[in-house]
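Structure record follows, encoded as structure tokens.
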Amino acid sequence: MTVKAPSLAVSKAQKAQRRRENIAGYIFMAPSLLFFLGFVIFPMGMCLVTSFFNYTMTDFSFIGFQNYAELIHDSIFVNKALINTLIIVVLSVPVTCIFSLWVASLIYKMREVHTSFFRCVFYLPVVTGSVAVTVVWKWIFNNYYGILNYLLKNLGLITMNQNWLGSANTALGCIIMILLTTSVGQPIVLYVSALSNVDGSLVEAASVDGATNLQVFWKIKWPQIMPTTLYILVITTINSFQCFALIQLLTSGGPNNSTQTIMYYIYYNAFKLNRYGYGSAMGIILAIIIGIFSAVQFRLARTDNG
Amino acid sequence: MKKLLALLLCMMLIVPSALALADDQVTITLWTYPIGSWVDDTTVKGFIDSFNAVHPEIKVNVQYLDYSSGDDQVTGAIEAKTTPDIIFEGPERLVANWGAAGKMLDISDLWADTKDDIVAASPAVEAACKNAEGIYYEYPLCMTTHTMVINKQYFEKADALQYIDEETHTWTTENFIKACKALQAAGYIPGVIYCGGQGGDQGTRALVTNLYSGKFTNADHTAYTMDSAENIQALTQLQTMVNEGSLTADPGIVAGDEIALFCNGTIAMGFCWNASAAVSNKASMQETVTPFPMAFPSDDGVPELQGGIWGFGLFDNGDEARANAAKTFVKWVCDDANQAVPSVYATGFFPTRASLGDIYTGTEKEDNAAFSLFMPYLGDYYQVTGNWAVQRTEWWNLLQRIFSGGNVEAEVATYVTNSNSGI
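Here the protein sequences line up with chains R and B, keeping their order.
Going left to right, the first sequence walks through residues 29 to 334 as the numbering used here numbers them.
Going left to right, the second sequence walks through residues 3 to 425 as the numbering used here numbers them.
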């Protein structure tokens, strides 16, 4: 008993200390937790609930899964919004990752001042307001006096003005291109940081052992930047799925729904047609799709890393 | 102790004053769409200051909306139950949309002493401001007819002035087609049928319905009738002209972009014009552009122009004191002996009270008086037809489908089915 008494006292003191730390931790967390609950979790719950209602400006009646059933038969949702969204994700996510990694691998070895300069250049579209960026791009693509038509005509690549945003053949490609310019900034900054943190002694040892640059990259650097890659993949995927401002400001989903995306179609139904319940159902479907994509990415990245 | 005492004394002085002020003053909120200078803060605050000189007990807060995001803001406010007390817009929103959804107050009492004066100005205005049951949701301030505009310099150079009646500002469909071909042959872009969104869609609607004297809705305003033979013929004609290059269809722009193209001399005519646009775009007009307002072309040369009626509606916020204060403000803005004319003058449009007469001759906005010659062509105010918001989104999608090669009859059938469902 005399031996155990001090350890019991220490244990109680430790528990009290831990409790105090936990309480302090929860108090510090409380503001952001309340914010998260109020502005993320609660709206998500509301979205789920309203997706089961015929919720319009004049009606709020329970209809079960009817909104979801209607979605399956909505040709614009299935054939346009969903397909276009997937095209944007499938094209923009890999290109963003590969381009960012390529740029970062070129600039991270430069002198600090040069690296900072390029980081600023590529990060500029991110910190510039999306409306301002979009207005500039709208001017570049203008059918009548846009600089792109002017340049291409002078270079002899086209003979007459192209309506880049007004043609179903080119509008989605233009949207994806603009999306890329606004998406690569953060990944480049993250990759520069990740590549700078790769253990130099491992790289040096591998080089001494005769490894080529490609081997050094795949065997030494790539595994060490995998957590950053995973983060970039997930964030870029979510951003691509939620592409909205560009569509709203440039094409309104047209022409002929050729740039319709799930996010814009949600807005269109909820705010233009006042079908809040139907829009909520789409939101739930979009959340499920994003969840599946993210889970797959986590799974693949973990396997690769292992 | 001394500090506490001083604080208590201050509280005793401030709290009763604040409570007394709160008891006496009612605060109301006005949301206004950009109707002429009613988006200019100096102008609107000036009106509110004048109002407060006679009604210090009512405080008016103002918020300015734009046509690209204003409807979304109002929709959000309706669902969040944070709507303003007063909103300044037209019957298509006040009566056909928010009024029909039960969100607006019946303001029939405001009409009691001015109805005859308004009807004398235009019976169509009175009809547009109430629903089928005769409940008034709008108290009108001003009206206009929407026109199109041509660049007289380009027309002259293309020898196309022969196709318009310069005196009456009218032309026939046949001459419109000839003028477009002449402009095309002279190397100009004659006109652009914008269909990138719903902004300024009154222009494209008027173009289609006037070409062969079609009707946009039936007489009762209970169904959209774009599938009539006249309208099908008009859309087919426009599709042909686009295919031939004597007109351009652009799903990448809306009316605002089209007006900019007209003002900078890129195109020879615009389909979205009115007295207010003539004033607000004067500064941006290039030297090569001489705007000349025109009625829309029609087969018989007698156009039926679409009207614009703007006035005030009151959202039902369940607060009688605020509603009464809002009515006091609206009545003062529209009918006060000293304020009625400045209120209308700021819009750039025409009074909806016959008693106000011509308010522009001899003023800085004298050019506006010229637009009064279009008023006799004021057509049916069909924007109060049910499902209006759905119809608007269907309209520009219809144009996009047709001008990208869609079958006119099939595409119109889709439009009519979607627009009429749920009326």
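Quick reminder that beta carbons are idealized off the backbone N, C-alpha and C, glycines included.
Chain-ordered neighbours of residue i on chain B, where CB pairs are closer than 7 Å
i: residue 289 (chain R); result: The contacting residues do not exist; residue 289 (chain R) stays about 16 Å from chain B at best.
i: residue 283 (chain R); result: 253, 402 and 406
According to DSSP, residues forming a beta bridge with residue i
i: residue 144 (chain B); result: B:312 and B:353
i: residue 132 (chain B); result: B:138
i: residue 61 (chain B); result: B:29
i: residue 272 (chain B); result: B:151
i: residue 91 (chain B); result: B:313
i: residue 294 (chain B); result: B:152
i: residue 82 (chain R); result: R:89
i: residue 141 (chain R); result: Answer is none; residue 141 (chain R) lacks a bridge partner.
i: residue 234 (chain B); result: Residue 234 (chain B) pairs with nothing; no bridge assigned.
i: residue 1 (chain B); result: A query on residue 1 (chain B) cannot be resolved here, the shown segment of chain B reaching from 3 to 425 and no further.
i: residue 106 (chain B); result: B:317
i: residue 219 (chain B); result: B:226
i: residue 193 (chain B); result: B:271
Length of the line joining the Cα atoms of residue i and residue j
i: residue 390 (chain B); j: residue 225 (chain B); result: 10 Å
i: residue 52 (chain B); j: residue 62 (chain B); result: 11 Å
i: residue 232 (chain R); j: residue 119 (chain R); result: 36 Å
i: residue 67 (chain B); j: residue 61 (chain R); result: 34 Å
i: residue 59 (chain R); j: residue 240 (chain R); result: 51 Å
i: residue 150 (chain R); j: residue 260 (chain R); result: 15 Å
i: residue 23 (chain B); j: residue 341 (chain B); result: Note on residue 23 (chain B): pLDDT 48, under 50, position unreliable in the model; the coordinate value appears next. For residue 23 (chain B) and residue 341 (chain B), the distance between alpha carbons rounds to 27 Å.
i: residue 88 (chain B); j: residue 36 (chain B); result: 15 Å
i: residue 418 (chain B); j: residue 227 (chain B); result: 7 Å
i: residue 131 (chain R); j: residue 224 (chain R); result: 13 Å
i: residue 329 (chain R); j: residue 254 (chain R); result: 7 Å
i: residue 379 (chain B); j: residue 177 (chain B); result: 19 Å
i: residue 147 (chain B); j: residue 299 (chain B); result: 14 Å
i: residue 315 (chain R); j: residue 121 (chain R); result: 18 Å
i: residue 202 (chain B); j: residue 402 (chain B); result: 15 Å
i: residue 315 (chain B); j: residue 81 (chain R); result: 30 Å
i: residue 244 (chain B); j: residue 219 (chain B); result: 25 Å
i: residue 287 (chain R); j: residue 74 (chain R); result: 28 Å
i: residue 96 (chain B); j: residue 168 (chain B); result: 37 Å
i: residue 323 (chain B); j: residue 349 (chain B); result: 29 Å
i: residue 421 (chain B); j: residue 392 (chain B); result: 6 Å
i: residue 254 (chain B); j: residue 330 (chain B); result: 44 Å
i: residue 130 (chain B); j: residue 308 (chain B); result: 12 Å
i: residue 34 (chain B); j: residue 241 (chain B); result: 37 Å
CB contact check: residue i to chain R, cutoff 8 Å
i: residue 103 (chain B); result: yes
i: residue 114 (chain B); result: no
i: residue 392 (chain B); result: yes
i: residue 272 (chain B); result: no
i: residue 198 (chain B); result: yes
i: residue 316 (chain B); result: no
i: residue 147 (chain B); result: no
i: residue 395 (chain B); result: yes
i: residue 268 (chain B); result: yes
Residue i at chain B interface by Cβ criterion, 8 Å
i: residue 280 (chain R); result: yes
i: residue 177 (chain R); result: no
i: residue 58 (chain R); result: no
i: residue 196 (chain R); result: yes
Any C-beta of chain A under 8 Å from that of residue i
i: residue 273 (chain R); result: Considering every chain present, this structure includes no chain A. Its protein chains are R and B.
Amino acids of chain R, ordered along the chain, whose beta-carbon sits closer than 9 Å to that of residue i
i: residue 263 (chain B); result: 172 and 173
Name, going along the chain, the residues of the stretch 50–80 of chain B whose beta-carbon falls closer than 7 Å to a beta-carbon of chain R. 74, 77 and 80
Of the residues that make up the stretch 294–319 of chain R, which ones have a beta carbon closer than 9 Å to any beta carbon in chain B? 295, 296, 298, 299, 300, 301, 302 and 304
Taking a cut of 8 Å between CB atoms, which residues from the stretch 68–96 of chain R lie near chain B? 85 and 86
Chain B contacts made by the stretch 169–193 of chain R, where a contact means CB separation under 9 Å: 169, 170, 171, 172, 173, 191, 192 and 193
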